[in-house]
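Below you'll find the structure, written out as structure tokens, and then a few comments.
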Amino acid sequence: MKEKVVELLIYIMSEMQDNKRISDIDLTDLKTRGYTQSEISAAFSWIYENSELNQQRPSMSVRAGEGSRRILHDAEKAVLSTESQGYLIQLRELALLDDKDYETVIERAMMAGYEKLSVTELREIVASVLFARGGDDASGNRSMLTSGDTIH
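Under our numbering, the first residue of the sequence shown carries the number 13, and numbering increases by one thereafter.
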């Protein structure tokens, strides 16, 4: 389920980069694409929780496309397929991954022992990193919802 939520996050953040408001995103279109209400709610919940966290994180104040770029080492390129490298760049440009999360994903990919990590396999790693973010605070936030939870 978390991988599908990551797909939704990419879609929503892409729409928002095109200056679309969250309220303008067509939820019925997402449902016809096969996403459940719980997955859609979890994606919006993650965005809401992390937008509040981002206000407290000075490192996230830099907008996507600004600042320095990290270049992958040859050993990292050997582990990540070209598509996976592009996927990581997309997540970084959409500001779904900050510098720390980006490094964590690469580190986990390197430790996983894959020869050429596919986007599907990388998406699992990304989901685990994204949904572990902010879990150490005492605010009681949660990104994943139970089956009966919705966001209004």
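Ideal Cβ placement from N, Cα and C applies to all residues, glycine included.
Please report how far the alpha carbon of A90 lies from the alpha carbon of A55, in whole angstroms. Using only the alpha carbons, I get a separation of about 31 Å.
Determine the extent of the alpha helix (DSSP H) in which I118 is found, giving its start and end residues. Note, I118: alpha helix (DSSP H), 111 to 124.
What does L92 pair with, by DSSP beta-bridge criteria? The partner list for L92 (beta bridge, DSSP) reads L129.
7 Å Cβ cutoff met for V17 and E51: Yes, Cβ-Cβ distance for V17 and E51 is below 7 Å.
Can you tell me whether A54 is helix, strand or coil according to DSSP? It is helical.
Determine, using beta carbons only, whether E15 and R135 come nearer to each other than 7 Å. Against a cut-off of 7 Å, the Cβ pair of R135 and E15 comes out as a contact.
For I34, does the count of other Cβ atoms within 10 angstroms reach 16, so buried, or fall short, so exposed? Answer is exposed; the Cβ neighbour count stays below 16.
Should L39 be labelled buried (16 or more other beta-carbon atoms within 10 Å of its own) or exposed? Taking all protein chains shown into account, L39 has fewer than 16 neighbouring C-beta atoms within 10 Å of its C-beta and is therefore exposed.
Tell whether a beta-carbon distance below 7 Å holds between V117 and E95. Their beta carbons are not under 7 Å apart, which means V117 does not touch E95 by this criterion.
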